[in-house]
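Q: Numbers given in the working numbering equal positions in the sequence shown, counted from 1, plus 34.
A virtual CB, placed ideally from N, CA and C, is assigned to each residue, including glycine.
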Amino acid sequence: MYEAAELVTMEAIRATGKHPKMNSHHEAYAVIKEEFDEYWQEVMKRPSKRDKEALKLELVQTAAMCVRTLYELC
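What follows is the structure in structure tokens.
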């Protein structure tokens with residue numbers, strides 16, 4: 035659990051340094067949805083074709099955008 039939380043935290047910090055602050059919950063929703071859609075695209079592949087690292091990366095990025103929304107907008 036701690037390893038997952040650390041990955042999400044590091045990604046949220048990286049993204050915050052790379053991208054400007056989110057302006058609204060609408061913008062945050064769009065960013066979160068985009069990351070989740072990238073995860074979903076990997077999930078939709080046949081199980082034998084799924085890339086475990088890609089799944090992990092997209093989930094970390096999705097969670098990081100949720101954390102970033104909490105930090106910047108809540």
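Would DSSP call Asp85 helix, strand or coil?
A: coil
Q: CA-CA distance, Gln95 and Tyr63?
A: 13 angstroms
Q: Given a cut-off of 9 angstroms, decide if Glu45 and Ala97 are closer than it, judged by their beta-carbon atoms.
A: yes
Q: Do Glu69 and Leu89 count as a contact pair if the criterion is CB distance below 9 angstroms?
A: no
Q: May I ask which residues mark the beginning and end of the alpha helix (DSSP H) holding Arg48?
A: 36-52
Q: At which residues does the alpha helix (DSSP H) containing Lys67 begin and terminate?
A: Per DSSP, the continuous alpha helix (DSSP H) segment holding Lys67 begins and ends at 59-77.
Q: Please state the DSSP three-state secondary structure of Lys55.
A: DSSP places Lys55 in coil when its eight states are reduced to three.
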